[in-house]
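Structure first, then comments.
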Amino acid sequence: MVIATKPRRKFSKSVNLMVDRAFQYLDLPPGLSEQIKACNNVIEVQFPVRMDNGEFRTFRGWRAVHSDHRVPAKGGIRYAISVNYDETVALATLMTYKCAIVNVPFGGSKGGLRIDPREHSVDELERVTRRFARELIVKGYVSPGGNVPAPDMGTSPREMSWISDVYKSMYPSDINYYACVTGKPVANGGIQGRVEATGRGVQYVVREFFRHPDDVRQAGMEGDIEGKRVIVQGFGNVGYHLALFLKEEDGAKIVAIIERDGALIDDNGLDLRDVREYINEHGGVEGYPDATFVADGLSVLEHECDILIPAALESQITVDNAPYIQAKVIFEAANGPITYDADEILRQRGVFVVPDAFVNAGGVTVSYFEWTKNISHIRFGRMSRRLDEWRGLKTIEAMEYMTGKEMPEHMRRGILLASDELTLVRSGLDDTMRLAYQEIRAAKEDVPELDDFRTAAFYVAIKKIAQTYLDMGVWP
Ligand code: GLU
1 MVIATKPRRK FSKSVNLMVD RAFQYLDLPP GLSEQIKACN NVIEVQFPVR
51 MDNGEFRTFR GWRAVHSDHR VPAKGGIRYA ISVNYDETVA LATLMTYKCA
101 IVNVPFGGSK GGLRIDPREH SVDELERVTR RFARELIVKG YVSPGGNVPA
151 PDMGTSPREM SWISDVYKSM YPSDINYYAC VTGKPVANGG IQGRVEATGR
201 GVQYVVREFF RHPDDVRQAG MEGDIEGKRV IVQGFGNVGY HLALFLKEED
251 GAKIVAIIER DGALIDDNGL DLRDVREYIN EHGGVEGYPD ATFVADGLSV
301 LEHECDILIP AALESQITVD NAPYIQAKVI FEAANGPITY DADEILRQRG
351 VFVVPDAFVN AGGVTVSYFE WTKNISHIRF GRMSRRLDEW RGLKTIEAME
401 YMTGKEMPEH MRRGILLASD ELTLVRSGLD DTMRLAYQEI RAAKEDVPEL
451 DDFRTAAFYV AIKKIAQTYL DMGVWP
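With the first letter of the sequence shown counted as 1, position 295 gets the number 295 in our numbering; the numbers rise by one all the way through.
This is the structure we're talking about:
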């Protein structure tokens with residue numbers, strides 16, 4: 001994604017300034033705020049890998065542990081040429097608050113490798129990933145109980161599988177080896193529903209927003225999701241899934257998508273599956289025949305719409321475009337898409353922003369389910385699914401016997417909904433996102449000075465993290 005102008009502050013500074021807004025409403029013992037904000041440790045590694053042509057190339061990567069007040073510390077590994085120390089720290093910081101907001105009992109971590117995965121063959125990527133994994137494992141930065149990576153931009157279940165295999169070969173007697181990483185392929189220790197979890201989580205947040213007429217009204221809208229005009233930036237794993245769910249399940253109209261090489265606009269709504277196929281085939285959106293193409297994709301963030309969902313990189317909405325954003329509500333599916341200064345502008349303009357550390361927490365939530373499955377060594381629902389089904393059938397039989405009538409098909413289906421792994425994951429994710437939304441809202445009601453959702457979300461997170469430290473007794 002092209003960044004229009006360089007943000008004026010470092011990413012980590014921007015995150016901490018946003019967090020500071022929440023700290024001022026909490027009365028914490030001296031020093032505790034500093035400890036919560038500090039990034040505990042960061043490792044930088046450099047290592048050589050042989051390329052397919054026989055030459056060696058040196059790669060540079062980082063893993064930051066922002067907090068380990070709870071373990072394992074959790075967070076993805078990003079592969080991108082723009083990866084750097086500060087970005088890794090900022091993303092690890094967001095993970096700390098993210099986990100606390102959605103009640104995932106983990107600390108915050110993040111990793112990054114400076115590499116353009118599109119420039120490498122699968123063999124090269126495998127060698128690089130295995131070597132990077134080894135570096136992190138021997139230095140204590142990957143383990144089931146200490147630090148658990150997951151996919152992020154540029155990585156996928158494939159890389160996670162390689163990492164878990166390296167860990168297993170180094171610690172063959174650790175029966176929990178699968179839990180050293182999440183987001184694995186389902187056949188290799190993964191969990192159903194993890195790939196689309198972040199997108200699903202965003203959908204559940206959007207739905208919950210529309211269940212609160214006061215919030216919808218505050219954003220200057222009315223009604224529900226049906227027919228709302230949505231712009232999505234980034235059509236990768238997160239953006240594609242959430243756009244599809246909002247369109248096909250909730251009736252939203254996706255009027256524009258912004259990709260690396262430009263944007264597509266169709267005020268009547270884009271055919272998302274067709275666009276995805278086109279991108280897979282052509283590597284970008286340029287030339288797509290059934291929509292208007294805009295080469296300056298970033299300018300489309302300012303296009304008229306109801307809902308804007310940045311689902312790409314950080315620092316996309318800056319002081320340069322914040323004054324012109326026309327969306328009524330922004331759901332931050334990416335990490336850090338709005339800079340601190342831009343956020344101030346949007347706050348003044350009354351644009352309703354639902355923040356990253358909450359909106360995109362669906363990924364880590366389902367990672368938590370996967371990790372729990374791995375350490376318990378049993379698939380969710382394995383022991384109860386048949387019994388649930390049997391009980392459902394018996395209930396239907398009993399009702400039909402007592403009433404002498406046949407139960408309509410849609411009711412049957414509801415009662416027979418099996419508690420298989422995917423259904424349980426979705427239900428757990430839905431519940432998590434809804435409860436978190438309600439918790440943030442309740443904080444806003446308790447502390448009227450918390451006038452925006454981001455500050456309220458950080459407030460909720462800090463309170464929980466502070467309590468953990470206080471309970472540990474480190475802060476008399
Ligand atoms: N990379 C994702 C994130 O930024 C997922 C992290 C995880 O599952 O640990 O939230």
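Ideal Cβ positions, reconstructed from N, Cα and C, are used throughout, including at glycine.
Cβ-based burial, Ala38 [other Cβ within 10 Å; buried from 16]: exposed
Close beta carbons around Glu196, own chain, < 6 Å, minus the five adjacent residues each side: His241
Gly76 Cβ short of 7 Å to the ligand GLU heavy atom set: yes
DSSP beta-bridge partners of Glu208: For Glu208, which the question treats as bridged, DSSP gives no partner whatsoever.
Three-way DSSP call (helix, strand, coil) for Ala457 in this model: helix
Uninterrupted alpha helix (DSSP H) stretches inside the segment 246-315 (no shorter than 4 residues): 272-282
Cβ pair Ser33, His66 closer than 8 Å: no
Same chain, Cβ closer than 6 Å to Gly362, neighbours up to 5 away in sequence not counted: Ala197, Thr198, Arg200, Gly201 and Leu429
Closest by C-alpha distance to Gly54, when choosing among Asp123, Asp431, Asn335 and Pro337: Asp123
Opening and closing residue of the alpha helix (DSSP H) in which Glu119 lies: Counting along the chain, Glu119 falls outside any alpha helix (DSSP H), and DSSP gives it neither H nor E.
Buried or exposed (CB count within 10 angstroms, at least 16 for buried), Arg211: Burial call: exposed.
Backbone secondary structure at Arg9 - three-state DSSP: coil
Option nearest Gly145 by Cα separation, candidates Val181, Leu264 and Arg412: Val181
Asn237: CB within 7 Å of a non-hydrogen atom of the ligand GLU: no
Beta-carbon proximity of Glu302 to Asn321, cut-off 8 Å: yes
Ser427 classed as buried or exposed, judged by whether at least 16 other C-beta atoms fall within 10 angstroms: exposed
Segments assigned alpha helix (DSSP H), at least 4 residues, entirely inside the segment 341-375: Counting only runs of 4 or more, we get 356-359.
Check: Ser490 C-beta below 7 Å from any heavy atom of the ligand GLU: Absent from the model: residue 490. The displayed extent of the chain is 1 to 476, so no value can be given.
Length of the line joining the Cα atoms of Ala252 and Cys305: 11 Å
Neighbourhood of Thr432 by C-beta distance below 6 Å, restricted to the same chain and skipping five residues each side: Here the set comprises Val102 and Thr365.
CB of Ala334 within 8 Å of CB of Val300, strictly: no
Rounded Cβ spacing between Gln233 and Ala342 (contact assumed at less than 8 Å): That pair is no contact at about 14 Å.
N- and C-terminal bounds of the beta strand (DSSP E) containing Val230: For Val230, the uninterrupted beta strand (DSSP E) run begins and ends at Arg229 to Gln233, by DSSP.
For Ala219, the three-state DSSP class (helix, strand or coil): coil
Beta-carbon proximity check, Thr88 vs Val49, cutoff 8 Å: no
Proximal residues to Gly392 (C-beta, below 7 Å), its chain only, five neighbours per side dropped: Ile415 and Leu416
Minimum C-alpha distance to Arg8 - residue among Glu389, Gly111, Thr292 and Ile317: Ile317
Cβ neighbour criterion (16 or more within 10 Å) applied to Trp62: buried
Cβ-Cβ distance between Gly336 and Val15 below 8 Å: yes
Sequence ranges, alpha helix (DSSP H) only - wholly within the segment 68-149, length at least 4: 85-101 and 122-138
Start and end residues, beta strand (DSSP E) containing Ile175: Here Ile175 belongs to no beta strand (DSSP E), and DSSP marks it neither H nor E.
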